[in-house]
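Structure, as structure tokens:
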Amino acid sequence: MELKTAAECYQTIPRKVLTRLAADGLISLPLSETDHCALELLNRIWSSEWYVAQMNKSFKPDKRAVMLAFPDLGKADRYVLNAYLNLKPHQRVSLKAMGGLVRKHLQVNYPEVKIKRMRQMAYNLKRLDRQTSRKRTLFQLALLKESPHPAE
11 MELKTAAECY
21 QTIPRKVLTR
31 LAADGLISLP
41 LSETDHCALE
51 LLNRIWSSEW
61 YVAQMNKSFK
71 PDKRAVMLAF
81 PDLGKADRYV
91 LNAYLNLKPH
101 QRVSLKAMGG
111 LVRKHLQVNY
121 PEVKIKRMRQ
131 MAYNLKRLDR
141 QTSRKRTLFQ
151 LALLKESPHP
161 AE
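Residue numbers (our numbering): 11 to 162.
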């Protein structure tokens, strides 16, 4: 069975995952009988919310949230994104310094272009969070103004 046919047969397993499984040598193309059994098992597991929920519990909530929000990000991407998201207000980290941190902690040379992309994503997320927070505060103030004051 070829990749296209496998993607149609095992609908809960995205084509991208099948391609990665083949690239990592976990399945062979065309699929063998053993590969069919393995994919059938994966298909059953991934189609069950209970199994997926149990597997996700092994990750810390922050990591789980980032993985679900940005499924295409790798370990180094998530590291850089979280580093920028966790900066205190008015704190800055240069591209070179961030590259050094990635090299030190992950032993990976991470391109500055990707660091800029992650930094921009973090700034956009923080901006959205501030806007939501500001809107929430204004909404709460409006509710306070509208609520009747108890008689003194």
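Ideal placement from N, C-alpha and C gives every residue a C-beta, glycine not left out.
Legend entry - Residue interval of the alpha helix (DSSP H) (run including Met77): Here residue 77 refers to the residue found at position 67 of the sequence shown. 71 to 79 is the extent of the alpha helix (DSSP H) around Met77.
Inset, instruction - Helix, strand or coil for Leu36, going by three-state DSSP, please let me know. - result: Residue numbering aside, residue 36 sits at position 26 when the sequence shown is read from its first letter. Residue state, collapsed to three classes: coil.
Legend entry - Segment contact, 8 Å Cβ cut-off, at least three pairs: the segment 80 to 93 with the segment 105 to 124: yes
Inset, instruction - Give the DSSP-derived three-state secondary structure of Gly84 in the structure shown. - result: Indexing the sequence shown from 1 puts residue 84 at position 74. DSSP places Gly84 in coil when its eight states are reduced to three.
Legend entry - Spatial neighbours of Met108 in its chain, beta-carbon cut-off 7 Å, leaving aside the 5 residues before and after: One-based indexing of the sequence shown puts residue 108 at position 98. For Met108, where only same-chain residues beyond five positions count, the Cβ hits under 7 Å are Val90, Ala93, Ile125.
Inset, instruction - Measure the C-alpha to C-alpha separation of Lys136 and Lys114 and round it to an integer number of angstroms. - result: Along the sequence shown, one-based indexing puts residue 136 at 126. Along the sequence shown, one-based indexing puts residue 114 at 104. When rounded, the distance between both Cα atoms is 26 Å.
Inset, instruction - To the nearest angstrom, report how far apart Gly35 and Gln64 are at their CA atoms. - result: On the sequence shown, position 25 is the one that residue 35 refers to. On the sequence shown, position 54 is the one that residue 64 refers to. Spanning the two alpha carbons is a distance of roughly 26 Å.
Legend entry - Spatially closest choice to Tyr133 from Asn119, Gln117, Asn96, by CA coordinates: Numbered from 1 along the sequence shown, position 123 holds the residue referred to as residue 133. Comparing Cα positions, the closest option is Asn96.
Inset, instruction - Count the CB pairs spanning the segment 16 to 25 and the segment 43 to 57 that are closer than 8 Å, and state whether there are at least three. - result: yes
Legend entry - Reference Leu116; option with closest CA among Gly84, Met131, Asp72, Met11: The residue you call residue 116 lines up with position 106 of the sequence shown. When only C-alpha atoms are compared, the closest one is Gly84.
Inset, instruction - Give the secondary structure of Gln130 by DSSP, where H, G and I count as helix, E and B as strand, and everything else as coil. - result: As a working note, residue 130 is residue 120 in the sequence shown. Reduced to three states, the DSSP call for Gln130 is helix.
Legend entry - Beta-carbon contacts of Leu39 that lie in its chain and below 8 Å, excluding the five residues immediately before and after: Residue mapping note: residue 39 aligns to position 29 of the sequence shown, counting from 1. Excluding positions up to five away in sequence, the list reads Glu12, Leu13, Ala32.
Legend entry - Alpha-carbon to alpha-carbon, Asn66 and Arg74: On the sequence shown, position 64 is the one that residue 74 refers to. On the sequence shown, position 56 is the one that residue 66 refers to. C-alpha separation (whole angstroms): 7 Å.
Inset, instruction - Pick helix, strand or coil for Ala16, following the three-state DSSP scheme. - result: By 1-based counting over the sequence shown, the position of residue 16 is 6. Reduced to three states, the DSSP call for Ala16 is helix.
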